[in-house]
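Notes follow once the structure below has been shown.
Residue numbers (the working numbering): -3 to 350.
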């Protein structure tokens, strides 16, 4: 009997005797020293001689879109899941790691992983326990971001109200109105994000020309860029009559997040460029800035909460993908290099499906 079958029988006997996995929400995987999966929960895998690795099993986007599967993408060297298992096998220590994966259909998995190394007949293996904690972590993240933003806005609003008591000038009233509008917008953003994640966001489609949208985007987004000491320029390469049938508010939300992301990533006094170009039966929006995204972050830039600015950030890039692809049926991606900086793209069909 070959070694793999002996190991399989051994693990199966343990499960049959204990039945402990049935009462948990964990996924149990056994891999060899090459990270090939030998066992999943209480069943042997790979009997067809096709070597599956953790990313293949979990439907990781990087694995799906790489011909060689898990371990062959340019982003795999930065994968926390793979690296934690390798560390466990190398150090013979139990490794705990929180892992974020982009999986098919633009879903995000947040996993609590424990990799436990062991030896069987002089060969090294790792038992991996994986728990899906996505719902809990995203609720915590949304709450943290929501309360942080609300406290900042309400605090600023309160300060202006105090000033207003002593000096009821028009400038102060205008600022109070601006903060109130921003507060309502933040509430609307959180509502849209929660509804979108739960699959209950209802689209309100309408028609707008690209020229009208770009004018509105310039008017509404230039002040935000200027507040961070940047300059926003716009360029419309589409014909005057080019019209998009879509949820205009959601489209603006995506472009807003693209510009906001560029403003946060740019050095002082930078130029941010918003461009609209024809692309067959679609319009290609792009936002460029001179900053460069670190290579180690590129594979997870659309993950929930992923940001170089610290914990609790990165909701904007996540929502670009969620709104743009799952609801407006477009495509969101980016490029980043020293020569051209960073450009986020959103390709949206001219006509949405009602």
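Heads up, the beta-carbon is just placed ideally off N, CA and C, and yes, glycines get one too.
Notebook entry, point to check: What are the uninterrupted segments assigned as alpha helix (DSSP H) that are 4 or more residues long and contained completely in the stretch 258 to 325, given in chain order?
Noted result: Given a length threshold of 4 residues, each whole run of the alpha helix (DSSP H) inside the stretch 258 to 325 is given here in chain order: 291 to 294, 311 to 317.
Margin query: Please state the DSSP three-state secondary structure of residue 104.
Written below: The answer is strand: DSSP assigns residue 104 an E or B state.
Check: Does the beta-carbon of residue 87 have 16 or more other beta-carbons within 10 angstroms, so that it is buried, or is it exposed?
Finding: It counts as exposed.
Note to self: Measuring straight from C-alpha to C-alpha, what distance separates residue 308 and residue 131?
What the structure shows: In this prediction, residue 308 has a pLDDT of 44, which is less than 50 and means its spatial position is unreliable; what the coordinates show is noted afterwards. If you take the alpha carbons of residue 308 and residue 131, they lie about 15 Å apart.
Check: Where does residue 194 land, buried or exposed, given buried means 16+ other C-beta within 10 angstroms?
Finding: That one is exposed.
Note to self: Please classify residue 290 as buried or exposed, where buried requires at least 16 other C-beta atoms within 10 Å of its C-beta.
What the structure shows: Residue 290 comes out exposed.
Next item on the list: Measure the CB-CB distance between residue 217 and residue 255 and report whether it falls below 7 Å.
Entry: Going by C-beta atoms, residue 217 is nearer than 7 Å to residue 255.
Check: residue 210 to residue 230, Cα distance in whole Å?
Finding: Those two C-alpha atoms are separated by around 7 Å.
Check: Can you tell which of 235, 54, 28 has the C-alpha that lies nearest to the C-alpha of residue 98?
Finding: Measuring from the Cα of residue 98, the nearest candidate turns out to be 54.
Next item on the list: Work out the CA separation of residue 83 and residue 89 for me, nearest whole Å.
Entry: For residue 89 and residue 83, the distance between alpha carbons rounds to 8 Å.
Next item on the list: Would you tell me roughly how many angstroms separate the C-alpha atoms of residue 63 and residue 222, rounded to the nearest one?
Entry: Cα to Cα, the separation comes out at about 45 Å.
Next item on the list: Please look up how many angstroms separate the CB atoms of residue 48 and residue 32, rounded, as I've assumed it's under 8 Å.
Entry: Between residue 32 and residue 48 the Cβ distance is about 7 Å, and since that is below 8 Å, they are a contact.
Next item on the list: Within the same chain, show all residues whose beta-carbon is closer than 8 Å to that of residue 346, passing over the 5 residues directly before and after it, in chain order.
Entry: Only 238, 239, 240, 241, 277, 278, 279 meet the Cβ criterion.
Check: If you run the structure through DSSP and keep just helix, strand and coil, what is residue 132?
Finding: Residue 132: helix per DSSP, three-state reduction.
Next item on the list: Look at the alpha carbon of residue 57 and the alpha carbon of residue 73, and state the distance between them as a whole number of angstroms.
Entry: Approximately 15 Å between the Cα atoms of the pair.
Check: What residue does the alpha helix (DSSP H) around residue 343 start on, and which one ends it?
Finding: Here residue 343 belongs to no alpha helix (DSSP H); instead the beta strand (DSSP E) covers 337 to 345.
Checklist line | Cutoff 6 Å; reference residue 364; Cβ partners in own chain excluding five residues on either side | finding: Residue 364 falls outside the range modelled here, since the chain spans only -3 to 350, and no answer is possible.
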